[in-house]
Each structure stands twice: as structure tokens, then as C-alpha cells.
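>
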Amino acid sequence: MLTPENLQKVEALFKRYPTKKAVMLSALWIAQEQEGWISEEMMRYIGDLLEVPYATVLGVVTFYTMYNDKKIGKYHIEVCTNVSCMLRGSGKILDTVEKHCGVKLGETSDDGKFTVSEVECMGACGGAPMLAIGEEYYENLTPEKTEQLLSRLK
Amino acid sequence: MEKYILPDIPDYHKLEVYEQHGGYQALRKVLQMKPDEVIEEVKKSSLRGRGGACFPTGLKWSFMPKGNDRPKYLCVNGDESEPGTFKDRMIFEFNPHQMIEGILIGCYAMGITTAYLYIRGEYRKWIKMVDAALADAYAKGYVGENILGSGFSTNIYTHSGAGAYICGEESALMNSIEGDRGYPRVKPPFPAAKGVFGMPTTINNVETMTNVPLIINKGAEWYSKIGVAKHPGPILVGISGHVNKPGVYEVPTGVPLLTLINDPQYGGGVPNGKKIKAVIPGGSSTMVLRGENLEGVCMDADSLKAAGSSVGTAGLIVMDEDTDMIKVIKRISHFYHHESCGQCTPCREGTGWMEKMLTRFEKGEAREEDIEILLDVANNIEGNTICALGDAAAWPVQSFIKRFREEFENKVERKETAAA
Ligand SMILES: Cc1cc2nc3c(=O)[nH]c(=O)nc-3n(C[C@H](O)[C@H](O)[C@H](O)COP(=O)(O)O)c2cc1C
Ligand code: SF4
Ligand code: FES
Chain A
0 MLTPENLQKV EALFKRYPTK KAVMLSALWI AQEQEGWISE EMMRYIGDLL
50 EVPYATVLGV VTFYTMYNDK KIGKYHIEVC TNVSCMLRGS GKILDTVEKH
100 CGVKLGETSD DGKFTVSEVE CMGACGGAPM LAIGEEYYEN LTPEKTEQLL
150 SRLK
Chain B
0 MEKYILPDIP DYHKLEVYEQ HGGYQALRKV LQMKPDEVIE EVKKSSLRGR
50 GGACFPTGLK WSFMPKGNDR PKYLCVNGDE SEPGTFKDRM IFEFNPHQMI
100 EGILIGCYAM GITTAYLYIR GEYRKWIKMV DAALADAYAK GYVGENILGS
150 GFSTNIYTHS GAGAYICGEE SALMNSIEGD RGYPRVKPPF PAAKGVFGMP
200 TTINNVETMT NVPLIINKGA EWYSKIGVAK HPGPILVGIS GHVNKPGVYE
250 VPTGVPLLTL INDPQYGGGV PNGKKIKAVI PGGSSTMVLR GENLEGVCMD
300 ADSLKAAGSS VGTAGLIVMD EDTDMIKVIK RISHFYHHES CGQCTPCREG
350 TGWMEKMLTR FEKGEAREED IEILLDVANN IEGNTICALG DAAAWPVQSF
400 IKRFREEFEN KVERKETAAA
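Protein chains in written order, with numbering that gives the first Met the number 0: chain A, 0 to 153; chain B, 0 to 419.
1. For the stretch 95–129 of chain A, list every residue whose C-beta sits within 7 Å of some C-beta in chain B, in sequence order.
2. Consult DSSP for residue 122(A) and reduce its assignment to one of helix, strand or coil.
3. By a C-beta neighbour count over all protein chains shown, 10 Å radius and 16 as the cutoff for buried, is residue 128(A) buried or exposed?
4. Take every Cβ of the stretch 181–190 of chain B, pair it with every Cβ of the stretch 147–154 of chain B, and state whether three or more of those distances are shorter than 8 Å.
5. Could you give the DSSP three-state label for residue 418(B): helix, strand or coil?
6. Within 6 Å: the Cβ of residue 82(B) and any heavy atom of ligand 3?
7. Assign residue 117(A) to one of three DSSP states: helix, strand, or coil.
8. Looking at chain B, is there any beta carbon in it that lies within less than 7 Å of the beta carbon of residue 2(A)?
9. Could you round the C-beta distance between residue 60(B) and residue 38(B) to whole angstroms and report it? I think they count as a contact, below 8 Å.
10. Apart from the five residues just before and just after residue 419(B), which ones in its own chain have a Cβ nearer than 6 Å to its Cβ?
11. Would the C-beta of residue 100(A) count as close to ligand 1, meaning under 6 Å from any of its heavy atoms?
12. Please classify residue 339(B) as buried or exposed, where buried requires at least 16 other C-beta atoms within 10 Å of its C-beta.
13. Just to confirm before moving on: does the CB-CB distance between residue 252(B) and residue 299(B) stay below 7 Å?
14. Tell me, please, which residues DSSP counts as bridged to residue 315(B).
15. Are the C-beta of residue 88(A) and some C-beta of chain B separated by less than 7 Å?
16. For residue 336(B), count neighbouring C-beta atoms within 10 Å of its own C-beta (all shown protein chains included) and say buried if the count is 16 or more, exposed if not.
17. What in chain A is Cβ-close to residue 164(B), meaning under 9 Å?
18. So, does the CB of residue 134(A) fall closer than 7 Å to a CB anywhere in chain B?
19. Buried or exposed for residue 132(B), going by 16 or more other Cβ atoms inside 10 Å?
20. Taking CB distances under 7 Å as the criterion, tell me whether residue 11(A) reaches chain B.
21. If we cut at 7 Å on Cβ distances, does residue 17(B) have a partner in chain A?
22. Please list the partners that residue 175(B) has in chain A, where partner means a Cβ-to-Cβ separation under 8 Å.
23. With distance defined between alpha-carbon atoms, name the residue in 185(B), 178(B), 347(B) nearest to residue 196(B).
24. On the CB-based measure, 16 or more other CB atoms within 10 Å of its CB, does residue 168(B) come out buried or exposed?
25. Report all residues from its chain with a CB closer than 6 Å to the CB of residue 411(B); omit the five preceding and five following residues, and keep chain order.
26. Residues of chain B with CB closer than 7 Å to the CB of residue 20(A), please, in chain order.
27. Is residue 389(B) near ligand 2, going by C-beta to nearest heavy atom under 6 Å?
28. Would residue 156(B) count as contacting chain A if we go by Cβ distances under 7 Å?
29. Which bits of chain B does residue 15(A) rub up against, with CB to CB less than 7 Å?
30. For a test of the three-state rule: what should DSSP assign to residue 110(B), helix, strand or coil?
31. Return the residues of the stretch 67–85 of chain B that lie within a Cβ-Cβ distance of less than 9 Å from chain A, sorted by chain order.
32. Report the partner residues of residue 251(B) according to the DSSP bridge assignment.
33. Of all the CB atoms in chain A, is at least one closer than 7 Å to the CB of residue 194(B)?
34. Between which residues of its own chain and residue 23(B) is the CB-CB distance below 7 Å, once the five residues before and five after are set aside?
35. Is there at least one Cβ from chain B nearer than 7 Å to residue 38(A)'s Cβ?
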């Protein structure tokens with residue numbers, strides 16, 4: 000369930016579109032910001048709110064890579080390995096991240112602190128290699144800078 | 000050269016600063032014109048879309064039906080997910096008001112009262128920047144009801160994606176706005192007839208819209224003289240990969256690629272004085288060119304076409320002499336396989352096959368005949384799919400084989416050498 004404030008946020012978006020369903024992506028974002036992930040219960044709730052079947056919501060959640068249908072770590076570390084980043088050493092950045100967090104790609108550390116993902120081009124190729132944590136981009140990385148960045152995360 | 004899309008003016012993203020430098024004057028001017036005159040002016044400017052296909056913007060706008068009997072929409076494409084492309088983000092951060100002004104002009108010209116600005120979900124921070132700029136523009140009466148007392152009203156709303164390259168394809172983008180999975184639609188019907196919410200719709204790229212106020216302020220005549228005649232105007236070039244100064248650079252169209260790569264004001268040359276082995280000129284779906292064939296090739300539609308590639312999103316990826324081309328094409332193919340929406344068999348299966356085969360090449364386990372088989376798979380995807388992602392996946396493979404065939408041959412498993 001959304002908190003009353005978040006429900007209000009969703010309802011305020013209805014006037015932007017001719018259908019309720021069009022609020023789907025925004026509603027899922029608001030839900031994910033609230034809970035950190037999107038549970039089946041939340042999908043059913045959003046389906047009711049937007050007057051669409053649960054299956055439709057599930058279809059959307061699974062289609063878009065940024066929606067988490069499982070709990071993830073406190074810090075979601077997303078390393079870009081696409082061409083421009085690869086050419087400038089994203090492999091070493093990924094190694095550094097995996098080593099520091101003690102997990103492989105796609106995994107979450109046992110203490111729930113880190114989830115490490117490989118991502119496709121993030122639109123920061125001029126600052127390659129790069130990674131993102133939450134909404135922050137960290138560009139022009141070296142293994143040393145990456146290590147420093149990660150050790151600052153509490 | 001003077002810059003018009005990303006001018007070197009401090010705090011240009013702030014409304015007051017933008018206004019001090021003539022911001023929103025084009026909107027005022029347009030509100031005194033007839034909508035058709037605005038479309039004519041954009042046509043005359045020869046502005047072509049900056050989203051990848053170089054379609055003439057004024058012509059696209061003229062496809063929209065006249066009259067206000069039903070709603071019409073503008074979708075502004077800020078999905079920016081083509082690998083090697085990172086220019087629209089600069090506009091969101093450094094010049095959002097010129098983009099907003101361009102959107103308003105487009106809406107006025109086409110009689111549109113709602114514009115959705117679709118921004119990729121990863122750009123959360125930039126969506127907030129654009130929302131802040133929009134709030135300021137609303138507060139000043141540039142957006143919303145009865146704009147500047149003209150009687151014309153338009154709303155602009157940002158719409159966040161959630162991680163799917165395919166949503167940059169215009170019909171997938173519309174489905175994504177409607178709250179669905181980003182599946183491309185079969186065309187026809189074209190968006191101008193039946194677009195988002197079943198209504199007439201125009202889709203334009205963020206950079207395209209940011210060019211529009213210039214045309215109105217300084218005239219189509221002036222604009223059409225910037226850069227090359229058939230594809231004029233300022234263009235944002237993203238340079239990445241093996242250059243000393245990667246980044247987004249604004250230039251007139253028609254600048255030689257070698258200037259962009261080597262000139263100290265742009266890419267600043269290849270690190271350690273290495274030779275250029277290859278460039279991908281316009282984002283990962285455009286055809287690769289060999290470094291030794293770049294003489295005279297320029298960043299504009301015709302020149303790159305003649306060279307056997309295309310301008311795409313002007314995202315120039317530079318690779319030095321040590322680059323393993325198989326590794327690069329394998330990574331590109333992984334991307335298209337990952338991003339295929341899976342609706343059409345040639346794309347869904349073909350992208351998977353290409354990635355698998357390239358993995359074999361990478362490991363040195365491919366057979367001699369695999370080069371032809373790989374090419375065959377690519378050829379069978381091209382032109383046989385609902386949307387152009389299929390082509391975007393095929394072109395890199397075709398061009399890498401055509402232009403770097405020796406690298407594929409070198410990776411063929413040689414039993415005799417293995418035995419020796
Ligand atoms: C797979 C695919 C992805 C695309 N991604 C984008 C994108 O991220 N941004 C964009 O502006 N155009 C993208 N396009 C092109 C759009 O479909 C459309 O042509 C463009 O937004 C039109 O704008 P323009 O005429 O101003 O260039 C993509 C096309 C395809 C086939
Ligand atoms: S070509 Fe690929 S991405 Fe486009 S509709 Fe077909 S399967 Fe989907
Ligand atoms: S390739 Fe990594 S941000 Fe574009």
C-alpha cells in the first residue's frame with residue numbers, strides 16, 4: 000500500500016493523461032521509492048488503483064529493467080559495461096566493485112548492503128568508465144577512485 | 000564558432016539568465032504568427048531530426064491534421080539510450096528552457112495542447128532538473144493556460160521511463176506513455192494519424208526541439224546557412240572511447256571526423272599517439288568505418304552516407320589500434336539481444352544467435368563457415384521486423400564483417416595451429 004502522501008502524488012498525476020493506466024510507470028516509481036522494491040501485493044494494489052488487471056502491472060514491472068520485483072541491497076551499484084565504457088576499462092571497475100562488495104554480478108551481499116548489476120549504456124559515455132548508485136552518476140573512474148567511493152558507503 | 004545549443008553562458012539553465020539573453024522571445028514572436036507560417040519557417044530552415052533518422056522536421060509537422068476536433072499530442076523523445084549517445088542530457092542540465100521554448104513553438108504550430116517529454120528512467124536527477132525548469136516556466140506564464148495572454152494553452156509533462164532502450168523507438172515510446180510495455184507498433188497507421196491514446200501525434204527528439212527557437216529568432220534563411228546545406232544547423236557530437244578529451248561538442252554540421260577526433264578543442268587526439276583503428280560515427284547501430292578511410296568524411300547525413308555509414312545520433316566512438324574488434328561487436332550484439340522486445344522472431348532469435356556466434360569467435364572456437372552464417376543471420380534480420388531495432392542490430396554485424404573481416408578470420412579455430 001502507498002502511504003497517504005504517495006497516494007496523493009499518484010492521484011495528482013491523473014489529470015495529466017486521458018487514461019488512468021498512463022500513470023502506471025510513475026505509480027510504480029513512487030511505489031519503488033517508498034518500499035525499495037515492488038511486491039506482488041503492491042502490484043495488485045496499483046492494478047486496483049489504475050483499474051487494470053494485476054497481469055498488466057506484472058507485465059510492465061517485468062518488462063522494464065529498473066523495477067525491482069525482489070528486494071535489493073541498500074546500495075544498488077550499477078556498472079556500465081557497454082562499448083564506450085568497455086573501451087576505457089569498465090572491466091577493471093567491475094572487478095573492483097565485485098571484490099569490494101564480495102558478490103558477483105546480479106547478486107546481493109549477505110549483509111544486504113550491496114547489489115551489483117551490469118547495466119547498458121547510461122548516457123554518460125563521455126565520462127567512461129562510469130557507475131551509478133541510486134540516482135547519482137560517478138564518472139571517469141579508475142579502480143582506485145572506485146575503491147574510495149565504495150569505502151565511503153556506510 | 001558561436002554556440003547555439005550549449006552556449007558558454009554561466010547559469011544559462013536558469014530562467015532569468017535565459018530571459019536576459021533573449022529567451023522566450025521566439026515564443027512571443029510565434030504567438031503573433033499563424034501556425035502554418037511557423038511550420039513553413041521550420042520547413043524552410045531544412046532542420047532535420049537529431050534523434051537518428053534525420054527526418055525533415057517541418058515536413059513531419061505538416062503531416063499533422065489541422066483543426067481541434069480531437070486532441071493531438073507531441074511526444075518529445077529524451078529516452079537517449081543508444082550506446083555512445085549522451086547529448087540530450089546536456090540540454091536537460093544546461094539549456095532546458097530553450098528545449099521547453101521549442102516544445103511550446105511546436106505545440107503552437109501543430110495546435111497541440113499536451114506535450115509529453117519522455118526521459119529515460121536512469122536520468123532521475125535530470126528529470127528533476129527539467130521539472131524545476133518547467134515549474135519556473137509555468138510560474139512565468141510561458142506554459143499552461145492562456146500563454147502570455149494569447150489564448151493559446153499547452154501543458155508540458157515529463158514522463159519517466161524505467162530502463163528499456165526500445166522505448167526510444169517512437170511507437171514503443173507511445174505505448175510506454177500509455178502505461179504499457181514498450182512494444183513497437185506495426186506501421187501504418189503512422190503516428191500523425193493514430194498515435195498516443197489513438198490520437199494524432201508527432202514525435203521529435205530533444206535536440207531537434209532545442210533548435211527550433213533559433214530558427215524563429217534568427218530566421219530560416221540564417222539557420223539554413225549553418226553547416227552543410229542539406230543537413231544544416233548546429234549539432235551536438237558526443238565523442239567517446241579512445242580520445243584524450245571525450246565529451247559533447249557543439250559544431251556546425253559537416254565538420255570532418257578527423258577534426259572532431261584530433262583537434263585540441265574537440266577530442267584532442269588518440270591517447271599515447273596511437274593510430275585510429277575504427278570509428279562508429281553515430282551511436283552503436285551505425286556502421287563502423289576503418290580509421291584509414293576517414294579522410295574527408297564529415298559529420299553530416301550525406302557525407303556519412305557516402306562513406307557507408309550514417310550520422311545517427313552523432314555519437315562518435317573512437318577505437319585505437321589495439322582494440323579487439325571481435326570483443327567490441329560481441330558487446331554491441333549483447334546489447335541488442337538484451338534490448339530486443341521479443342515481438343518478432345527474426346529479431347528475438349537472430350540477436351541471440353548473433354551474440355552466441357560472436358561469443359564463439361571471441362573464444363577462438365568459431366569455424367571458417369561461421370563468418371558466412373553470421374552474416375546470413377544479420378541479413379535475415381534486416382528489413383524483416385516490426386521496428387528498426389532489428390536493423391540496428393544487423394548493421395553493426397554486417398559492417399564489422401565487411402570492414403574487419405580479417406579479425407574474424409584470425410579468430411577461426413585452426414586445428415593445425417592448435418595441434419602444432
Ligand atoms: C530502437 C530505436 C531506439 C531509438 N531511440 C531513440 C532515442 O533514444 N531518442 C530519440 O530521439 N530517438 C530514438 N529513436 C528514433 C525515434 O524512433 C524517432 O525517429 C525520433 O525520436 C524522431 O525524432 P526526430 O525526427 O526529431 O529525430 C530510436 C529508434 C529506434 C528504432
Ligand atoms: S524488431 Fe526487435 S525490438 Fe523491434 S518490435 Fe521486433 S522484436 Fe521488438
Ligand atoms: S557506454 Fe557506458 S555510459 Fe555509455
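Ideal placement from N, C-alpha and C gives every residue a C-beta, glycine not left out.
Just so it is clear, the structure is predicted and the values come from calculations on it, not from any experiment.
Taking the definition as stated:
1. 119, 120, 121, 122, 123, 124, 125, 127
2. coil
3. buried
4. no
5. Residue confidence for residue 418(B) is low, a pLDDT of 48 falling below 50, so the modelled location carries little weight and cannot support an answer.
6. yes
7. strand
8. no
9. 5 Å
10. The predicted model places residue 419(B) with a pLDDT of 46, which falls under 50 and marks its position as unreliable, so this point remains unresolved.
11. no
12. buried
13. yes
14. 238(B)
15. no
16. buried
17. 119, 120
18. yes
19. buried
20. no
21. no
22. 24
23. 178(B)
24. buried
25. 365, 367
26. 177, 178
27. yes
28. yes
29. 156
30. coil
31. 70, 79, 80, 81, 82, 83, 84, 85
32. 233(B)
33. no
34. 100, 141
35. no
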